[in-house]
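**Student:** Input: one structure, supplied below.
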């Protein structure tokens, strides 16, 4: 579940109200003290007010309440809501119709309001399309008697024998027909969240710029998923913790038997005394300390005693791990200035980790870094400025080109590379992994390298219509060099036509431009099934042949489920599989047109 937009009123530097669109990976950019962190903190408070309480200084105007409204989107949203609400509104009483009314454009909007500092909200409400006239509002929550009263009051007749034999849904249907014929309007309004829908919202993790993970080296035990998984796994029957629980119960029962002996002297008909402990392993870990021991250290040193850069590098490693393990599903990660204390090369590592993490979760960052801002799709960039208060701009307001130039001017971002005279050709690829992938193909099937050649500059441009793409491709257009573009077809997302248009536009608009859209959806669609089996020691013939438009991540997840595979299998950018593939296997999966295009590049 991700947030597609957040509306914030009277919070910190926001004097009125601001609506901010968000994507699965979003970057909030701007100069210092413009209000970038306002978005992160408001979302953190919205989703977890206990750990991120509303304080007095959060109110822009202490005489007015703070309002935060978030709109959520998820593929399983309808099913999740149905499971929560069906005990209160049955199918026969209009559950499907009610879900239609609260899932406006298939999205759920929740508003929370608070008037005083506290660890919670005064009101939590759900947006629904409903009748403007009060008598007809929230029909699905009305009793049979209330519906009958409406039928009588407005003389609505139901052409079925015996009103008492009509279902609630039938009554609601005829009331709605009456409203339609009498032009009783419908509009969006908020209703109280009496169904506890807010309990279904995602978890949130907020990482502030000034403390790496936590200044005292502690971070929540629920962030360390292995602990919870271990406790859950080992507490089932016959496992370690279950044995310990049994031993504790046996010892306490011995005490109970002794107590029974003495108590029987007072109560002759006493048959049994039982003392049964309630053990909650998930509450066993109060906090986690992180320490590092390097060469020359006599013992591990707490992270709080090391430099801030080490804490940030730990965060890089942590996010890379989470991304690879696919942990923390349904978590929104809010990260202030992830580039702080990091060398540019480490910034790239963290960027890749966060992008991979955003495949299953939502990641929202604030940044000054050209590495992060430049590599974010332009639709996912929010520019923060300060006038009378904090204001937020996006590409939908004045068009992409004007917005891009605005960001470039505001942040002073420059092209990523300076040209050297030895470069005769420039190859734009979507990422560093793409560059590595095409280099392997060239070496395996053409016997020539693509990367590390003085005459060829291979330039990762980010893959989307982002700031780096805009700057770099435009900057190199008039360089009198041959320009090549290779992009994914994204067939599994039904984006092939869009990608083909991008390639055609590049080729037609560049003086010496050539473009190629790969036949298969993305790099992962070139995994050879036999190499995959060898890499992970899977049963021969068990892994499916991957075709051009497969969603490979879904294929791997389904395979693990069907075959009860517990081992960790990296789904994305798995170069262990590519390195395992033989020349013959590469020939089987790589189309001849791609080889021909690459031969022209390396010639």
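In the numbering used here, the protein residues as written are -3 to 599.
Glycine included, each C-beta is placed from N, C-alpha and C at the ideal position.
Only a predicted model underlies this, so the values are computations on that prediction, with no experimental measurement involved.
#1: Please work out which residues of its chain come closer than 8 Å, Cβ to Cβ, to residue 52, disregarding the five sequence neighbours upstream and downstream, and give them in chain order.
#2: Pick out the complete beta strand (DSSP E) segments inside the segment 27 to 59, 3 residues or longer, and give them in chain order.
#3: Count the other CB atoms, across all protein chains shown, that sit within 10 Å of the CB of residue 216; report buried if there are 16 or more and exposed otherwise.
#4: Hey, quick one: how far does the alpha helix (DSSP H) through residue 164 stretch, first residue to last?
#5: Just the Cα atoms here: how many angstroms apart are residue 452 and residue 33?
#6: Using alpha carbons as the reference points, say which of 137, 155, 131 and 500 lies closest to residue 145.
#7: Please work out which residues of its chain come closer than 6 Å, Cβ to Cβ, to residue 606, disregarding the five sequence neighbours upstream and downstream, and give them in chain order.
#8: Nearest to residue 404 by alpha carbon, out of 369, 422, 280 and 435?
#9: Along the chain, where does the alpha helix (DSSP H) containing residue 245 start, and where does it finish?
#10: For residue 205, which of helix, strand or coil comes out of DSSP?
#11: Are the CB atoms of residue 358 and residue 387 within a distance shorter than 9 Å?
#12: Which same chain residues, not among the five before or five after residue 1, have their C-beta less than 8 Å away from its C-beta?
#13: Measure the alpha-carbon distance for residue 199 versus residue 20 and round it to whole angstroms.
#14: Keeping to the same chain, check which residues put their C-beta closer than 7 Å to that of residue 595; ignore five residues upstream and five downstream.
#15: Check whether the Cβ atoms of residue 527 and residue 567 lie closer than 9 Å to each other.
#16: Taking C-beta to C-beta, are residue 427 and residue 456 nearer than 9 Å?
#17: Using CA atoms only, rank isn't needed, just tell me which of 383, 153, 129 and 196 is closest to residue 179.
#18: Mind checking whether residue 529 and residue 569 have CB atoms under 9 Å apart?
#19: Just reading off the alpha helix (DSSP H) that residue 363 is part of, what are its end residues?
#20: Around the Cβ of residue 311, are there at least 16 other Cβ atoms within 10 angstroms (buried) or fewer (exposed)?
#21: By alpha-carbon positions, which one of 483, 91 and 534 ends up nearest to residue 556?
#22: Of all Cβ atoms in chain B, is any one closer than 9 Å to the Cβ of residue 524?
#23: Going by other Cβ atoms of all chains shown within 10 Å of its Cβ, with 16 needed for buried, is residue 438 buried or exposed?
#24: Please classify residue 450 as buried or exposed, where buried requires at least 16 other C-beta atoms within 10 Å of its C-beta.
#25: I need the DSSP call for residue 329, collapsed to helix, strand or coil.
#26: If you check the beta carbons only, do residue 548 and residue 523 fall under 9 Å apart?
#27: Mind listing, in chain order, the continuous beta strand (DSSP E) runs of no fewer than 3 residues lying wholly within the segment 482 to 565?
#28: Buried or exposed: where does residue 289 fall if 16 or more other Cβ atoms within 10 Å of its Cβ makes it buried?
#29: Between the beta-carbon of residue 8 and the beta-carbon of residue 54, is there less than 9 Å?
#30: Going by DSSP, what residues sit across from residue 306 in a beta bridge?
#31: Kindly indicate which three-state DSSP category residue 401 falls into: helix, strand or coil?
**Tutor:** Judging by the given coordinates:
#1: Locating residue 52 in the chain shown gives position 56, counting from the first residue. These residues qualify, in order along the chain: 58 and 113.
#2: Listed in chain order, there is nothing to give.
#3: In the chain shown, counting from the first residue as 1, residue 216 sits at position 220. At residue 216 the pLDDT is 46, less than 50, meaning the model places this residue with poor confidence; the figure from the coordinates comes in the next sentence. Exposed, since its Cβ has fewer than 16 Cβ neighbours within 10 Å.
#4: Translated into positions along the chain shown, residue 164 becomes position 168. Its alpha helix (DSSP H) spans residues 164 to 177.
#5: Within the chain shown, numbered from 1, the residue matching residue 452 stands at position 456. Within the chain shown, numbered from 1, the residue matching residue 33 stands at position 37. Going by the C-alpha atoms only, they are around 41 Å apart.
#6: Here residue 145 refers to the residue found at position 149 when the chain shown is read from its first residue. Comparing Cα-Cα distances from residue 145 to each of 137, 155, 131 and 500, the minimum goes to 131.
#7: Residue 606 lies beyond the residue range present for the chain, which begins at -3 and ends at 599; the question has no answer from this structure.
#8: Here the question's residue 404 lines up with position 408 in the chain shown. Ranking the options by Cα distance to residue 404, first place goes to 369.
#9: Looking up residue 245 in the chain shown gives position 249. First-last of the alpha helix (DSSP H) with residue 245: 236 to 259.
#10: Position 209 of the chain shown holds residue 205. Note: residue 205 maps to coil in three-state DSSP.
#11: Mapped onto the chain shown, residue 387 falls at position 391. Mapped onto the chain shown, residue 358 falls at position 362. Contact: no.
#12: Here residue 1 refers to the residue found at position 5 when the chain shown is read from its first residue. If we look at residue 1 and ignore the five residues flanking it on each side, its Cβ neighbours are 15, 16, 17, 18, 66 and 67.
#13: Position 203 of the chain shown, counted from the first residue, corresponds to residue 199. Position 24 of the chain shown, counted from the first residue, corresponds to residue 20. For residue 199 and residue 20, the distance between alpha carbons rounds to 15 Å.
#14: For this step, residue 595 is matched to residue 599 along the chain shown. Spatial neighbours of residue 595 in its own chain (CB-CB distance under 7 Å, excluding positions within 5 residues in sequence) are listed in chain order as 442.
#15: One-based indexing of the chain shown puts residue 527 at position 531. One-based indexing of the chain shown puts residue 567 at position 571. No. Outside cutoff.
#16: Here the question's residue 427 lines up with position 431 in the chain shown. Here the question's residue 456 lines up with position 460 in the chain shown. Yes, the pair counts as a contact, with Cβ atoms nearer than the cut-off.
#17: Numbered from 1 along the chain shown, position 183 holds the residue referred to as residue 179. Per the Cα distances, 129.
#18: As a position in the chain shown, residue 529 is number 533, starting the count at 1. As a position in the chain shown, residue 569 is number 573, starting the count at 1. Not closer than 9 Å, so no.
#19: Counted from its first residue, the chain shown places residue 363 at position 367. Judged by DSSP secondary structure, residue 363 falls outside any alpha helix (DSSP H) and instead within the beta strand (DSSP E) spanning 358 to 363.
#20: Position 315 of the chain shown, counted from the first residue, corresponds to residue 311. Classification for residue 311: buried.
#21: In the chain shown, residue 556 corresponds to position 560, counting from 1. Distances from the CA of residue 556 to each of 483, 91 and 534 were compared; the closest alpha carbon is that of 534.
#22: Looking at the structure shown, chain B is missing, and only one protein chain is on hand.
#23: To locate residue 438, count along the chain shown from 1; it is residue 442. Residue 438 is buried by the Cβ-count criterion.
#24: For the purposes of this step, residue 450 is taken as residue 454 along the chain shown, with counting starting at 1. Per the 10 Å Cβ criterion, exposed.
#25: In the chain shown, residue 329 corresponds to position 333, counting from 1. Strand, per DSSP.
#26: Position 552 of the chain shown, counted from the start, is the residue given in the question as residue 548. Position 527 of the chain shown, counted from the start, is the residue given in the question as residue 523. It is a contact, given that the beta carbons lie within the stated cut-off.
#27: DSSP runs (the beta strand (DSSP E)) wholly in the segment 482 to 565: 509 to 513.
#28: Looking up residue 289 in the chain shown gives position 293. By the 10 Å Cβ count, residue 289 comes out exposed.
#29: One-based indexing of the chain shown puts residue 8 at position 12. One-based indexing of the chain shown puts residue 54 at position 58. It is a contact, given that the beta carbons lie within the stated cut-off.
#30: If you number the chain shown from 1, residue 306 lands on position 310. Looking at the DSSP output, residue 306 shares a beta bridge with no other residue.
#31: Reading the chain shown from its first residue, position 405 is the one you call residue 401. Residue 401 falls in the helix class under three-state DSSP.
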